[in-house]
Structure formats: C-alpha cells, structure tokens
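In full-length UniProt numbering, the protein residues as written are 1 to 316. Built from N, CA and C at the ideal position, the CB exists for glycine as well.
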C-alpha cells in the first residue's frame, strides 16, 4: 500500500476553486488507493480465470472494473473516516483530505456513489450473487475494519483481513453464479496472508501508528510479540497455500510455486523473528528484515495467483 513532499512551498491553497488540472485529478485518484486496488483487481481477475465455464469478454471486463471501483470506493470512505489519524502519520499526512486538497464531505459522497454504482453494475452485468459478495466486501472493509476494529483492537488486521480476501470469490461468482471450494480456499489464503504481510509493515512503521493512537500489534504488544506472530501466521500459511494442490484443485505449476514461495516467506519470517533492531524506530527508508518481508509478501501472493492462472491456461 509514495507520497509527495510535505510542506512544499508554493502549493495551491486548500480547497482552491481554480480550474481543475492534472494534480486535482491525481488527488481524486489517490482517494481510491490505487496500489491496494491493483492487488484486489489482480486476485479478482484470477478468480475469474480459474472459474469453470465462460463469461463474455466484455462482461468480464465490466466485472473486473466493478471490483476495481468497489475497492476504490471503500478506500475513499476509509480516507474520509481516517482523516484525523492520517493527519498525524507521516506516511499519510499528504493524502488529499488531511492536506486540505479535497473536502471530507466530497470524498465521502464520491466513495458512496462509486460503491453503489459498482454493486448495481455488477449485478446487471453478471449476476446478483457476485454483486452480493461485492457489496459484502465493501461493507466489511468500511464498517467492520475501518469503523469498528481498526481503532479498538490489535486484532484489527486479523479479522479485517477478510475484506481483502473477497475478490477471488467475487471473480469466481461473476463467472459461475455461485461459490465452490477453490475460491473459498483462495479467500482463506489471502485471509491468512494478511497478518504477516501487514504486521511486517507495522514493525518498521510502528511509530506512525503509535503517534496516531492506532492499536496495531507492535504498539500494544511490542515488537517481540509481533515478530512471533508474523512467524506463527507464516507457518500456518505454508500448508494452507499448498492445499489447492494437495486437494487436486490446482496443478503442478501452482504446487511448485506455492512450495518455493512458501519457503521463501518462511525464510523472511525467520529473519524478522531474529531481528532486534525494529524496536529502535528505524526510518521508513531502512532495510530492516521486516521491510524486506513486507515486500516479499507482495511477491508471494502475486506469484501464487499467477501460477494458479498458469495451471488453468496452460494445463487446462
């Protein structure tokens, strides 16, 4: 999940009424959290690719667009709700709302319109099962994670991880009109992947969460316990990621990828477990093992889903 320089001289006044330019368009796009959207779209697309049956390419493109817009809508509402803590975190202080470039009420309206539109179009273009899962993903991220869990419990990422696990189920349902074992396994994989992925990030950025009063695990339980949890969840993720191959739902390309990437993630998690420097408050540009584990986790998930698609497209 880069920001421009903070406090740049000569910046336009907040809420400027001048003619919109590209920077204003860029701010509206930033509300959609495009980096997060990329991963969501990718896993949703793979869910469609591996689903049995066929969907008209045009309708498939519309379904992928709906998944992207829904993710962006949830991101915009999240930025509206979290504008107070974004204003005190250095990673987020230059986001459009805390920086004063977009009004909070405008961002909220933008998010609501996109959310409703994406669900309606998904239902009309594919089926209402997919639309229901899409609506559930938006609601879970906005109400369960953002408004309920994030500021109340260090388990926010564990439970809230379900929000990012919906896309492969949505993609599958868009093609088939239902849900089966494989998309539910993909949901479980993303769900179990989220804690070690995000806690690795929070280890090297924990000072931001502490400053904002967000009870992320490193802030509440300390870096040592967080490192232990990263290791435990990565160990649990390893057999879970291999399960589609064990159950005959994926082929050898996926099995090999899950084995290699799982071992790689375990190696990074072991380095995180043994690290003792993150408690000193490293800068965001440091090369702590936690930062490397965070980056590898992104590669891990991308390779798993790409390998699943390769099995389907190459081996049938």
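Inset, instruction - In angstroms with no decimal places, state the Cα-to-Cα distance between residue 92 and residue 35. - result: Position 92 of the chain shown, counted from the start, is the residue given in the question as residue 92. Position 35 of the chain shown, counted from the start, is the residue given in the question as residue 35. Going from the Cα of residue 92 to the Cα of residue 35 covers about 14 Å.
Legend entry - Closest residue to residue 200 among 22, 118, 275, 98 (Cα-Cα distance): Position 200 of the chain shown, counting from 1, holds the residue named residue 200. Among 22, 118, 275, 98, the Cα nearest to that of residue 200 is on 275.
Inset, instruction - With a floor of 4 residues, list each alpha helix (DSSP H) that falls wholly inside the segment 73-126, ordered by position along the chain. - result: 83-86, 104-125
Legend entry - Burial state of residue 96 (16 or more Cβ within 10 Å): Position 96 of the chain shown, counting from 1, holds the residue named residue 96. Its Cβ being crowded by 16 or more others within 10 Å, residue 96 is buried.
Legend entry - Reduced DSSP secondary structure (H/G/I, E/B, other) of residue 363: In this structure the chain extends from 1 to 316, so residue 363 is not present and cannot be described.
Inset, instruction - Count the C-beta pairs between the segment 72-79 and the segment 28-47 that are closer than 8 Å, then say yes if the count reaches three, no if not. - result: yes
Legend entry - Buried versus exposed call for residue 286 [16 or more other C-beta atoms within 10 Å across all chains shown]: Here residue 286 refers to the residue found at position 286 of the chain shown. With a pLDDT of only 49 at residue 286, under 50, the local geometry of the prediction cannot be trusted, and no value is derived from it.
Legend entry - Heavy atom of the ligand SAH within 7 Å of residue 238 beta-carbon: This structure lacks the ligand SAH, and indeed carries no ligand of any kind.
Inset, instruction - Please classify residue 52: is it buried, with 16 or more other beta-carbons within 10 angstroms of its beta-carbon, or exposed? - result: In the chain shown, residue 52 corresponds to position 52, counting from 1. Exposed is the call here.
Legend entry - Closest residue to residue 118 among 148, 195, 106, 63 (Cα-Cα distance): Against the chain shown, residue 118 aligns to sequence position 118. Comparing Cα positions, the closest option is 63.
Inset, instruction - Give a yes or no on whether the C-beta atoms belonging to residue 169 and residue 179 are separated by under 8 Å. - result: In the chain shown, counting from the first residue as 1, residue 169 sits at position 169. In the chain shown, counting from the first residue as 1, residue 179 sits at position 179. Yes; because the gap between Cβ atoms is below 8 Å, this pair is in contact.
Legend entry - Inter-residue Cα distance where the pair is residue 42 and residue 56: The residue labelled residue 42 in the question sits at position 42 within the chain shown. The residue labelled residue 56 in the question sits at position 56 within the chain shown. When rounded, the distance between both Cα atoms is 18 Å.
Legend entry - Stretch pair the segment 226-235 + the segment 245-253: three plus CB contacts closer than 8 Å: no
Legend entry - Endpoints, alpha helix (DSSP H) assigned at residue 215: What you label residue 215 is simply residue 215 of the chain shown in a count that begins at 1. Careful: residue 215 lies outside any alpha helix (DSSP H) and carries neither H nor E.
Inset, instruction - Identify whether residue 176 lies in helix, strand or coil by the three-state DSSP scheme. - result: Walking along the chain shown from the start, residue 176 turns up at place 176. DSSP, read as helix, strand or coil, puts residue 176 in helix.
Legend entry - CB contact flag (residue 303, residue 164, <8 Å): Stepping through the chain shown from its first residue, residue 303 is reached at position 303. Stepping through the chain shown from its first residue, residue 164 is reached at position 164. No, they are not a contact pair.
Inset, instruction - Could you check how far apart the C-beta atoms of residue 139 and residue 166 are, in whole angstroms? I think they sit under 8 Å. - result: Looking up residue 139 in the chain shown gives position 139. Looking up residue 166 in the chain shown gives position 166. Contact flag wrong, Cβ pair sits at about 10 Å.
Inset, instruction - Might you give, ordered along the chain, the residues of its own chain that have their beta carbon closer than 7 Å to the beta carbon of residue 261, omitting 5 neighbours on each side? - result: Counting from one through the chain shown, the residue named residue 261 turns up at place 261. For residue 261, where only same-chain residues beyond five positions count, the Cβ hits under 7 Å are 300, 303, 304.
Inset, instruction - Output the distance between the C-alpha atoms of residue 221 and residue 203, rounded to the nearest integer angstrom. - result: What you label residue 221 is simply residue 221 of the chain shown in a count that begins at 1. What you label residue 203 is simply residue 203 of the chain shown in a count that begins at 1. The alpha-carbon atoms of residue 221 and residue 203 are separated by roughly 11 Å.
Inset, instruction - Taking only the alpha-carbon atoms, compute the straight-line gap between residue 38 and residue 241 and give it to the nearest angstrom. - result: As a first step, residue 38 is located in the chain shown; it is residue number 38 there, counting from the start. As a first step, residue 241 is located in the chain shown; it is residue number 241 there, counting from the start. Taking the straight line joining both Cα atoms gives about 21 Å.
Legend entry - Euclidean distance between Cα positions of residue 210 and residue 268: What you label residue 210 is simply residue 210 of the chain shown in a count that begins at 1. What you label residue 268 is simply residue 268 of the chain shown in a count that begins at 1. Approximately 25 Å between the Cα atoms of the pair.
Legend entry - Contained alpha helix (DSSP H) runs [length at least 4] in the segment 200-278, N- to C-terminal order: Annotation note: the segment 200-278 contains the following uninterrupted alpha helix (DSSP H) runs of length 4 or greater, listed N- to C-terminal: 206-212, 217-220, 223-246, 252-274.
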